[in-house]
Amino acid sequence: MPHYFSLGQIPHKRHTVFRKPDGSLYAEQLVSTEGFSDTSSLVYHCYPPTMVDKIDEPYSVSPVIAEEKNMQHRLFRGFEIKPADDYLESRIPVLVNNDVHISLAAPGKSMSGYFFKNSGATEMIFIHHGEGLLRTMYGNISFGYGDHLVIPRGVIYQVEFTSDDNRLFILESFHSLRFPRRYVNRAGQLLEHAPYCERDIRKPGVLETHDEHGDFLVKIKRDDRIWPYHYVTHPFDLIGWDGYHYPYAFSIHDFEPITGRIHQPPPVHQTFETPAFVVCAFVPRLFDYHPQSIPVPYNHSNVDSDEVLYYVDGDFMSRNNIEKGFITLHPTGIPHGPHPGAVERSLGAKETKELAIMVDTFRPLKLTRQALAIEDPGYYKSWIQ
Ligand SMILES: [Fe+2]
Numbered sequence: 030m031p032h033y034f035s036l037g038q039i040p041h042k043r044h045t046v047f048r049k050p051d052g053s054l055y056a057e058q059l060v061s062t063e064g065f066s067d068t069s070s071l072v073y074h075c076y077p078p079t080m081v082d083k084i085d086e087p088y089s090v091s092p093v094i095a096e097e098k099n100m101q102h103r104l105f106r107g108f109e110i111k112p113a114d115d116y117l118e119s120r121i122p123v124l125v126n127n128d129v130h131i132s133l134a135a136p137g138k139s140m141s142g143y144f145f146k147n148s149g150a151t152e153m154i155f156i157h158h159g160e161g162l163l164r165t166m167y168g169n170i171s172f173g174y175g176d177h178l179v180i181p182r183g184v185i186y187q188v189e190f191t192s193d194d195n196r197l198f199i200l201e202s203f204h205s206l207r208f209p210r211r212y213v214n215r216a217g218q219l220l221e222h223a224p225y226c227e228r229d230i231r232k233p234g235v236l237e238t239h240d241e242h243g244d245f246l247v248k249i250k251r252d253d254r255i256w257p258y259h260y261v262t263h264p265f266d267l268i269g270w271d272g273y274h275y276p277y278a279f280s281i282h283d284f285e286p287i288t289g290r291i292h293q294p295p296p297v298h299q300t301f302e303t304p305a306f307v308v309c310a311f312v313p314r315l316f317d318y319h320p321q322s323i324p325v326p327y328n329h330s331n332v333d334s335d336e337v338l339y340y341v342d343g344d345f346m347s348r349n350n351i352e353k354g355f356i357t358l359h360p361t362g363i364p365h366g367p368h369p370g371a372v373e374r375s376l377g378a379k380e381t382k383e384l385a386i387m388v389d390t391f392r393p394l395k396l397t398r399q400a401l402a403i404e405d406p407g408y409y410k411s412w413i414q
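Residues in the sequence shown are numbered from 30 upward in steps of one, following my numbering.
As structure tokens, then:
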């Protein structure tokens, strides 16, 4: 969870008179989470954020579930997801449950003509290919290859790409996404043994204040529906804000790997936690340095979680025939491990260049129709020697 931050102008005291140069009042808004019990921000608008002119017919974006119950190792070729020009239309859910939706996207164009707000989920957008600017009501953040963009629920945003070959791996989390508790002290500061620190968390930079009237379409997502809201003032009309609730970027290239003499377990790679799933980053690192160490992981059973790996770059030492953009799913209770030849191949290796994101969900994942369309159906047999 990020720390206290302030951008733009705010009054000295909260909930007090704060006037514009013309003498009229700015409009204060508290954006709070878990009722009033968790992180919040106080934001100051040029105009009240409540001026809705029209709501168009909502439409469904529900994932189409093809397999409700899965008990088989699966492999999906993520780059075979079809590109789409529009950002929202490009987002294709592949693995879902009630805690998280995992989607892939290949948007061809920047968002234009509308803004987006996810009112049901905090988003983590991993940038596999592409670069540009994340515009938000809290200010802008530039992004590029390897960034995790964390956008808390309720933040209005637009994505502006300066590239057209964009590939995104997206989590919609129905729980707050936090830094692992063991890495945070009582004051909320990241501890010395954490694999990243506050300097790696990139907060909104430039705050653009759009003091504008017009017809502003904000597509609001909740419960697998999009509600097209029309506001009469620009959603990015903040003159300033402060608090703990805001979007940020964290690059996988800033994750400092924790290594050891013998194989380190997956939690050393952890980036985020929720009550229902964890996220990890596997990054280039020196391998284990015990003279008899086996660098690749042992066979293991995730008896409590479904394990999703999204392969970003580099050789994945423990797996054969893995390409960029592939997703593997290893469900609860079925052992998996190094592919044939991987253990011998790893002996004596000094380093790995692998780059991957892992998501372990504590409840089973369902497969969507679009996931089955990009599946390699023989994967579960790939361990036969
Ligand atoms: Fe695993």
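No residue lacks a Cβ here, since even glycine has one placed at the ideal position from N, Cα and C.
If you're wondering where the values come from, they're calculated on a predicted model, not measured in any experiment.
For ligand 1, any of its heavy atoms closer than 7 angstroms to the Cβ of residue i?
| i | result |
| --- | --- |
| HIS292 | no |
| GLU383 | no |
| HIS298 | no |
| HIS329 | yes |
| HIS102 | no |
| HIS368 | no |
| GLU336 | yes |
| HIS365 | yes |
| HIS359 | yes |
Closest by CA to residue i, which one among the options?
| i | options | result |
| --- | --- | --- |
| VAL179 | PRO296, GLY107, ARG207 and VAL325 | ARG207 |
| ARG103 | TYR339, GLU383 and HIS177 | TYR339 |
| TYR76 | SER53, GLU96, SER61 and GLU86 | SER53 |
| ASN328 | PHE355, ALA305, HIS359 and VAL312 | HIS359 |
| LYS138 | ARG120, ASP67 and ALA150 | ARG120 |
| PRO181 | LEU236, TYR273, LEU133 and MET100 | TYR273 |
| VAL129 | TYR116, ASP115, ALA150 and GLU118 | ALA150 |
| LYS410 | GLN101, GLY64, VAL81 and TYR33 | GLN101 |
| PRO320 | ASN350, ALA378 and GLY343 | ALA378 |
| HIS32 | ASP82, SER89, ASN127 and ASP271 | ASP271 |
| ALA134 | GLY354, ASN99 and LEU376 | GLY354 |
| GLU86 | GLY183, HIS259 and ARG215 | HIS259 |
| GLY37 | LEU236, GLY362 and VAL184 | LEU236 |
| PHE108 | LYS395, ALA305 and ILE356 | ILE356 |
| GLU404 | GLU96, LEU71 and GLU57 | GLU96 |
| ASP389 | PHE306, HIS222 and ALA400 | PHE306 |
Less than 8 angstroms between the beta carbons of residue i and residue j, yes or no?
| i | j | result |
| --- | --- | --- |
| ILE94 | GLY269 | no |
| LEU200 | TYR186 | no |
| PRO233 | GLY168 | yes |
| PRO136 | PHE198 | no |
| SER148 | ARG251 | yes |
| VAL308 | ILE386 | yes |
| PRO313 | LYS382 | yes |
| GLU303 | ALA310 | According to the sequence shown, residue 303 is Thr rather than Glu. No, the Cβ-Cβ distance between THR303 and ALA310 is not below 8 angstroms. |
| MET140 | SER202 | no |
| HIS239 | PHE265 | yes |
| PHE105 | TYR73 | no |
Just to confirm my understanding: we take residue i, look at its own chain, exclude 5 residues before and 5 after, and list those with CB closer than 8 angstroms. What are they?
| i | result |
| --- | --- |
| PRO322 | With the sequence shown as reference, residue 322 is identified as Ser, and Pro is not the correct amino acid for it. So the qualifying residues of the chain are ARG290, ILE291, HIS292 and PHE316. |
| ILE170 | LEU162, LEU163, LEU178, ARG231, LYS232, PRO233, GLY234, PRO276, TYR277 and ALA278 |
| LEU219 | PHE208, TYR212, VAL213, TYR225, CYS226 and GLU227 |
| PRO364 | ASN328, HIS329 and SER330 |
| GLU380 | PRO313, ARG314, LEU315 and PHE316 |
Tell me which residues share the same chain as residue i and place their Cβ nearer than 6 angstroms to its Cβ, disregarding the 5 neighbours each side in the sequence.
| i | result |
| --- | --- |
| ASP176 | ILE156, ALA278 and SER280 |
| ASP194 | HIS158 |
| PHE34 | LYS232 |
| VAL184 | THR165 and PRO276 |
| THR288 | ARG314 and LEU315 |
Could you name the residues of the same chain whose beta carbon sits closer than 7 angstroms to that of residue i, not counting the 5 residues immediately before and after it, in chain order?
| i | result |
| --- | --- |
| HIS282 | GLY175 |
| SER347 | VAL325, PRO326, PRO367, HIS368 and ALA371 |
| ILE351 | TYR340 and PHE345 |
| LEU59 | SER69 and LEU71 |
What are the residues that DSSP puts in a beta bridge with residue i?
| i | result |
| --- | --- |
| SER187 | The sequence shown places Gln at residue 187, not Ser. Answer is ARG164, bridged to GLN187. |
| GLU404 | PHE105 |
| SER69 | SER61 |
| MET417 | Residue 417 lies beyond the residue range present for the chain, which begins at 30 and ends at 414; the question has no answer from this structure. |
| VAL388 | VAL308 and VAL337 |
| GLU380 | LEU315 |
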